[in-house]
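If you're matching positions, the sequence shown starts at 25 in the working numbering and goes up one per residue.
Backbone N, C-alpha and C fix where the C-beta goes; we use that ideal spot for every residue, glycine too.
Everything below concerns the one structure shown next.
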Amino acid sequence: MGIEKRVVLSNGVKMPYLGYGVFKMSHDEAIKGVKVALGTGYRGIDTASYYQNEEAVGRAIKDSGVPREEIFLTSKVWNDEQGYNATLSAFERSLERLGTDYLDLYLIHWPVPHLFIETWQALEKLYHEGKVCAIGVSNFETHHLEAISRISTVTPVVNQIELHPELIQGELRDYCRSKGIRVQAWSPLKRGQVLAHSVIQAISDRYGKTPAQVVIRWCLQHDLLLNVKSSKEERIKENADVYDFQLTDEEMTSIDSLHANSRIAHHPDDLDFYERTVPGFKKSTSTT
C-alpha cells in the first residue's frame, strides 16, 4: 500500500493519509502543482479561502482528467468569514471558486473566540444537508474541542494542526485519539527548518532518502494524516516516494526527542492574533 492508502474517518468517509497543500501558492503555481500532484498519485488536495487560490485548484482538478469522485478535496472557512450565516455564505463562495458542488472536508481554519461555536453549527447544517462529506477543525486546542462537544450533534472527524518534529503535540494528539478525531499535520517539515537536524540527516543518509522523506515517513508511522507542499515537480514526486522504507522504533524515538515546543504560527489561544485578522474583533479576557 502506497500513496493511495486511506484512513476511514469516524463517519465512515475514507481520506488519504498523504495530501497535497497549496498554502501561499500563486494562481499559476497552484495549477501546476495540483496537476503534478494528481499525476503523481496524490488524491488529497488541501486549500482554503484564505489561500486565495481555490479557483486555480478547481481549474487544475478539472484539467487533470482525474474524476472528481477520486479526489478528496478540503477547504476551510477563514476568520473574517465566521459566524453562522457568514459561514454558510463563505462555503458557497468556495464551491463556486472550486467549480464543484460539494466538498469532501470543510474545516474551521482557526477557533475565533465567540464565533467558532456558531461556525461549527453552520458546518453541521452543511453536513446534514449533504453538501460536504465530512467536517472538522484546524488549530483547535482541547478546550475548543470540548466546547464544541457540549453543543454539537457531530464530532469533528479531523483536527488539522501544526505538527512536526519540533512540535509533536503529544497531549492534544492523545485527546483527539480518545475522541475518534484524526490528527492531520500541517507544515510537517516546519517549512524546511527541521531538515538540517543531525538526527534527521543521519537517518536520511542511512536509507538514501531525503530529510523530507524521513520526516514524512515519521508522520505516517505515527499514524498521522499530513499535507505536504512544494511548487517544484521533483520535490512533489519525492515527497510521495516514502513507502519503500521503514523507520525503526529507535529512529522514531530519536526524531520525537527533537520536540522543543517550537511553532511557526501563533498559538491558537493568542487573542492578539484574532485582533489582527478579524475586523472589529475586540480582545476579551473571557474564554470559551
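Is arginine 71 near serine 113, with beta carbons less than 8 Å apart?
-> Residue 71 is actually threonine in this sequence, not arginine. Not closer than 8 Å, so no.
In three-state terms, what does DSSP make of isoleucine 85?
-> Correct three-state label for isoleucine 85: helix.
Between the segment 29-46 and the segment 217-237, are three or more C-beta pairs nearer than 8 Å?
-> These segments do not touch.
First and last residue of the uninterrupted beta strand (DSSP E) at threonine 98 | First-last of the beta strand (DSSP E) with threonine 98: 96-101.
Identity of the residue in Gln245, Ser286, Leu249 nearest glutamate 275 by Cα = Considering only alpha carbons, the answer is Gln245.
Over what stretch of residues does the alpha helix (DSSP H) that includes tyrosine 108 continue unbroken?
-> 108-122 is the extent of the alpha helix (DSSP H) around tyrosine 108.
Are the beta-carbon atoms belonging to serine 162 and tryptophan 144 less than 8 Å from one another?
-> Contact: no.
Should methionine 49 go down as buried or exposed, given a rule of 16 or more other Cβ atoms within 10 Å for buried?
-> Burial state of methionine 49 is buried, judged by a 10 Å Cβ sphere holding 16 or more other Cβ atoms.
Tell me whether tryptophan 134 sits in a helix, a strand or coil according to DSSP, three-state version.
-> Tryptophan 134 carries a coil assignment under DSSP once its states are collapsed to helix, strand and coil.
Assign glutamine 184 to one of three DSSP states: helix, strand, or coil.
-> If DSSP states are grouped into helix, strand and coil, glutamine 184 belongs with the strands.
Determine, using beta-carbon pairs with one atom in the segment 286-293 and one in the segment 183-194, whether at least three such pairs fall under 8 Å.
-> Touching, per the Cβ criterion.
Compute the Euclidean distance between the alpha carbons of serine 222 and serine 278, then round it to the nearest angstrom.
-> So the alpha carbons of these two residues sit roughly 11 Å apart.
Between which two residues does the beta strand (DSSP E) containing glutamine 237 stretch?
-> From DSSP, glutamine 237 is part of no beta strand (DSSP E) but of the alpha helix (DSSP H) over 235-245.
Please state if the CB of aspartate 128 and the CB of phenylalanine 96 are separated by a distance shorter than 8 Å.
-> The answer is yes: Cβ separation under 8 Å.
Pick helix, strand or coil for aspartate 52, following the three-state DSSP scheme.
-> Helix, per DSSP.
Tell me, which residues are paired with arginine 174 by DSSP?
-> For arginine 174, which the question treats as bridged, DSSP gives no partner whatsoever.
Taking glutamate 105 as the reference, which of Gly63, Glu170, Ala146, Lys86 has the closest Cα?
-> It is Ala146.
Less than 8 Å separating the beta-carbons of alanine 209 and cysteine 243?
-> In contact: alanine 209 and cysteine 243 (Cβ atoms closer than 8 Å).
Indicate whether aspartate 293 and glutamate 170 have their beta-carbon atoms separated by less than 8 Å.
-> The criterion of a C-beta distance shorter than 8 Å is not satisfied by aspartate 293 and glutamate 170.
Alpha carbon of leucine 122 to alpha carbon of glycine 82, nearest angstrom = In a straight line, the C-alpha of leucine 122 is about 4 Å away from that of glycine 82.
Using three-state DSSP, classify glycine 26 as helix, strand or coil.
-> In the three-state DSSP reduction, glycine 26 falls in the coil class, being neither helix nor strand.
Reducing DSSP to helix, strand and coil, say where aspartate 104 ends up.
-> Aspartate 104: helix per DSSP, three-state reduction.
Reducing DSSP to helix, strand and coil, say where lysine 59 ends up.
-> In the three-state reduction of the DSSP assignment, lysine 59 falls in the helix class.
Confirm, please, whether the CB-CB distance from alanine 158 to valine 136 is below 8 Å.
-> Between valine 136 and alanine 158, the C-beta spacing is not below 8 Å.
Alpha carbon to alpha carbon, what distance is there between serine 173 and glutamate 153?
-> Cα to Cα, the separation comes out at about 20 Å.
For glutamate 28, which residues of its own chain have a beta-carbon under 8 Å away from its beta-carbon, when the five flanking residues on both sides are left out?
-> Short of 8 Å from the beta carbon of glutamate 28, and not among the five residues preceding or following it, lie these beta carbons of its own chain, in chain order: Pro40, Gly65, Arg67.
CA-CA distance, glutamate 381 and glutamine 237?
-> For the chain, the structure presents residues 25 to 312; residue 381 sits outside this window and is missing.
What is the residue span of the beta strand (DSSP E) that leucine 249 lies within?
-> Membership of leucine 249 in the beta strand (DSSP E) is indicated by the continuous run 249-252.
Out of Tyr267, Arg215, Glu78, point me to the one whose CA is closest to glutamate 186's CA.
-> The shortest C-alpha separation from glutamate 186 is found at Arg215.
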